[in-house]
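Enquirer:
2 protein chains.
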Amino acid sequence: MNTKMDRRKKYTRMVLKDSLMQLLKEKPISAITVKELCELADINRSTFYSHYGDHYDLLSKIEEEIIEDMQEKLQMFNMWTEELIPIEMILEYIVDKKDVFLVLLKENGENNLHKRVRNLAHGFLVNHLMRMHSIEKDKIEYLSMFIVSGSIQMIISWLDRGMDKSEKELAGMINTFANKGLLGVESL
Amino acid sequence: MNTKMDRRKKYTRMVLKDSLMQLLKEKPISAITVKELCELADINRSTFYSHYGDHYDLLSKIEEEIIEDMQEKLQMFNMWTEELIPIEMILEYIVDKKDVFLVLLKENGENNLHKRVRNLAHGFLVNHLMRMHSIEKDKIEYLSMFIVSGSIQMIISWLDRGMDKSEKELAGMINTFANKGLLGVESL
DNA sequence: GACACCGTGTTGGCTATACAACAAACAGTT
DNA sequence: AACTGTTTGTTGTATAGCCAACACGGTGTC
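Protein chains in written order, with the UniProt record's numbering: chain A, 1 to 188; chain B, 1 to 188.
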């Protein structure tokens, strides 16, 4: 059902989300308390608990939101273009939420969003490669993982360097690197 | 009594205030509807009416707030300095709320804030002059009005020109102009 | 004049949030 | 171990805000 959410709920979730993002810029989630999060958001703590189990839950919800967004974008891509991966589209999305991605993709070690983005891209690329190439599924899995992981690290590095190239440039690079690998596979 | 206001009320008033200020940048209050104000603020209209009588009431409250703030600043000034008018202090305050002042002081014709600021400064300067000079109250009234009106117009012009001088510079100019006039009166 | 549309001011019922308080768990100190 | 301070998760009550609806007044069109 497409019932509109009460604006109070919308607001509460929004400020909690923004506040967690802000705190995550300063310290890892393990060093953040629900108390200070609510103080920053100016939201009563019991209200926080009526929405979320804890701040890890909130973070998970944020990540889910992002993944859903990206999934939507990828669905749109399925419909009409031939590019290997819709990298430019994804980069535009990432730039739009640069602060979030910088915080969440760069966090010490691999966290959930990193894994989720990778799995999303991986699943998409595997399907794409299987439709376009006659290669064993086994090999496609590895190839896809190779391309996706490489691409993600490139993107993280790019964000870290303050996006010193245009989206178009970076997308071109990623596609070139991905396609070169593909040519190698074709000659198997 | 110093009872803390419920944070919901605080938030509601704040967004309504900010939204009215934003709309006033685009059009005069007579062209603004309560409906669009509430839409912009994302606040239910009946909530608006539980806080304010109408949007003119809201504007009046905003102005009162500003006057009270300035009054506080002037009280502090009374306590410890010799300057004719605490212009630098006032300019700092005005810069801090530049957007508000630009909108409200510049509006077509004289509006309430213009009058209120003038009366506040006038009252202050009259008291000040009477303590420091032996001049007829009558003359002081005129003199004060002269200085205050001139100063306010200078400030409006300064805001309009994007504050092309530092606060210190403008304060210096205003004080010099005011004092020159004062010297003229002394030789009466 | 009739009609449609829009904004206003108001109302009643419901929902979300605030607030204070409590017990428990945890961490650090002596 | 005892103590202190902090955070957590929860609870009950009160408050503020939301929403939909209504009647009314004003405006413009036919």
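Here a beta-carbon is modelled for each residue, glycine too, at the ideal position from N, C-alpha and C.
This one's a predicted model, so the numbers in the text were calculated from it and none came from an experiment.
1. Could you check what DSSP says for B/Ser19 in three-state terms: helix, strand or coil?
2. Excluding the 5 residues preceding and the 5 following A/Ile152 in the sequence, name in chain order all residues of the same chain whose CB lies nearer than 8 angstroms to its CB.
3. In three-state DSSP terms, what is B/Ser151?
4. I'd like the span of the alpha helix (DSSP H) that includes A/Ala41, first residue to last.
5. Start and end of the alpha helix (DSSP H) containing A/Ile87?
6. Can you tell me whether A/Val100 is buried or exposed, with buried defined as 16 or more other CB within 10 angstroms of its CB?
7. Under a CB-based cut-off of 7 angstroms, is B/Asp42 close to chain A?
8. Leaving aside the five residues before and after A/Val148 along the sequence, list all residues of the same chain whose C-beta is less than 8 angstroms from its C-beta, in chain order.
9. When DSSP labels each residue in this structure, what does B/His133 get in the three-state scheme?
10. For B/Leu7, return the contacting residues in chain A, with the cut-off set at a CB-CB distance below 9 angstroms.
11. Quick one: grab the DSSP three-state call for A/Glu68.
12. Which same chain residues, not among the five before or five after A/Ile29, have their C-beta less than 7 angstroms away from its C-beta?
13. Buried or exposed: where does A/Val95 fall if 16 or more other Cβ atoms within 10 Å of its Cβ makes it buried?
14. Are the CB atoms of A/Ile62 and A/Lys10 nearer to each other than 7 angstroms?
15. By alpha-carbon positions, which one of A/Leu129, A/Gly172, A/Ile32 and A/Tyr52 ends up nearest to A/Arg13?
16. Among the residues of its own chain, which have a CB less than 7 angstroms from the CB of B/Thr33, if the five just before and after it don't count?
17. Going by the CB atoms, is the gap between A/Ile140 and A/Met132 shorter than 7 angstroms?
18. By how many angstroms is the C-alpha of A/Met70 removed from the C-alpha of A/Tyr93?
Expert: Result, derived from the coordinates:
1. helix
2. Residues of the same chain with a CB within less than 8 angstroms of the CB of A/Ile152, apart from the 5 flanking positions on each side, are Leu105, His114, Val117, Arg118 and Ala121 in chain order.
3. helix
4. Val34 to Ala41
5. Ile87 to Asp96
6. buried
7. It does; some Cβ of chain A falls within 7 angstroms.
8. Arg118, Ala121, His122 and Leu125
9. coil
10. Residue 7 of chain B is actually Arg in this sequence, not Leu. Those within 9 angstroms of B/Arg7 in chain A are Asp42, Ile43 and Asn44.
11. helix
12. His55, Tyr56 and Leu59
13. exposed
14. No, Cβ-Cβ distance for A/Ile62 and A/Lys10 is not below 7 angstroms.
15. Considering only alpha carbons, the answer is A/Tyr52.
16. none
17. No; because the gap between Cβ atoms is not below 7 angstroms, this pair is not in contact.
18. 8 angstroms
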